[in-house]
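**Q** I'd like to ask you about the structure that follows.
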Amino acid sequence: MKRTIVASLLGALILSLAADANAGRVVARKGPRGTRVTVHRSFPIRRTLPHVVVRPAPVVRIAPAVYLAPVVFTAAVVASLPPENTRVWTGAEGLDRDEGWTDFTMNVDRRGDRMVLEIDRGAAQISFAEVVFENGDAQVVDFNDRAHATGAYSLLNFSDGRKVDHVRVVAKATTRESVIRLYLIG
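Using this note's numbering, you'd call the opening residue of the sequence shown number 13 and step up by one each time.
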């Protein structure tokens with residue numbers, strides 16, 4: 013009788029240890045977890061925005077206070093990038109198709125006249141770009157979730173030499189990888 017109880021307890025212990033070993037195993041999940049794009053209630057785009065992976069943002073000094081009327085992206089191709097001596101700021105963010113939609117912010121903190129967007133290494137689908145100026149004005153450029161080929165495009169012109177605080181972009185790579193590069197031209 014004692015042998016039966018000891019054998020049962022030993023069997024239960026072995027099963028318990030095997031279950032604990034499997035419980036500690038981490039199963040990799042394909043792709044990162046996403047969250048819904050968060051925007052202020054006065055944000056000018058009124059469609060369902062995608063689930064995104066939010067990349068850590070740099071310190072943002074100015075929050076959007078007033079949203080200007082949105083600008084619809086016209087995909088105006090720039091024949092060549094402006095000369096380096098006219099570029100007062102450049103920022104880039106790499107995208108991977110496996111990540112899906114990505115929400116990222118670039119800290120600009122410079123004064124300029126216009127912005128150029130370059131898509132490099134592969135096509136990208138872009139939902140919107142939000143350019144926030146030092147006075148709190150926010151200009152949203154609506155790409156309407158369309159895919160665009162590699163190339164340089166005119167993003168936004170503001171000939172009054174405004175200071176851009178930061179730019180927020182929601183985009184995803186439609187090829188294996190893509191790079192979104194922004195240039196502030198002064």
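C-beta: ideal position from N, C-alpha, C; glycine also.
Do Glu130 and Arg193 have their C-beta atoms within less than 9 angstroms of each other?
**A** For Glu130 and Arg193, yes; Cβs fall inside 9 angstroms.
**Q** Restricting to runs no shorter than 3 residues, where is the beta strand (DSSP E) found entirely within the segment 90–161?
**A** Listed in chain order, the complete beta strand (DSSP E) runs (minimum 3 residues) inside the segment 90–161 are 99–108, 114–123, 126–132, 136–145, 149–160.
**Q** So, at 6 angstroms on beta carbons, what are the nonlocal neighbours of Ala161 in its own chain, with the 5 sequence-adjacent residues on each side left out?
**A** Contacts found: Ala135.
**Q** Return the CA-CA distance between Arg109 and Gly173, expressed in angstroms with no decimal places.
**A** The alpha-carbon atoms of Arg109 and Gly173 are separated by roughly 36 angstroms.
**Q** What span of residues does the beta strand (DSSP E) with His52 cover, start to end?
**A** Unbroken run through His52: none, as it is neither H nor E.
**Q** Looking only at its chain, what residues have a beta carbon closer than 7 angstroms to the beta carbon of Gly36, apart from the 5 residues adjacent to it on each side?
**A** At Gly36, the pLDDT of 34 sits below 50, so the modelled position is not reliable and the matter cannot be decided from this model.
**Q** Mind checking which residues open and close the beta strand (DSSP E) that includes Val64?
**A** Element bounds for Val64: 63–66.
**Q** Using a Cβ-Cβ distance under 9 angstroms, would Val66 count as near chain B?
**A** Absent from the structure is chain B; it holds one protein chain and no more.
**Q** Looking only at its chain, what residues have a beta carbon closer than 6 angstroms to the beta carbon of Pro56, apart from the 5 residues adjacent to it on each side?
**A** Tyr79, Pro82, Val152, listed in sequence order.
**Q** By Cβ distance, which residues of its chain are closer than 6 angstroms to Lys175, with the 5 residues on each side in sequence left out?
**A** Excluding residues within five positions, the ones whose Cβ falls inside 6 angstroms are Arg123, Glu146.
**Q** Could you check what DSSP says for Leu167 in three-state terms: helix, strand or coil?
**A** Three-state result, Leu167: strand.
**Q** On the premise that Gly198 lies in contact with Val120, defined as a C-beta separation below 8 angstroms, what is that separation, rounded to the nearest angstrom?
**A** With a Cβ gap of about 11 angstroms, Val120 and Gly198 do not count as contacting.
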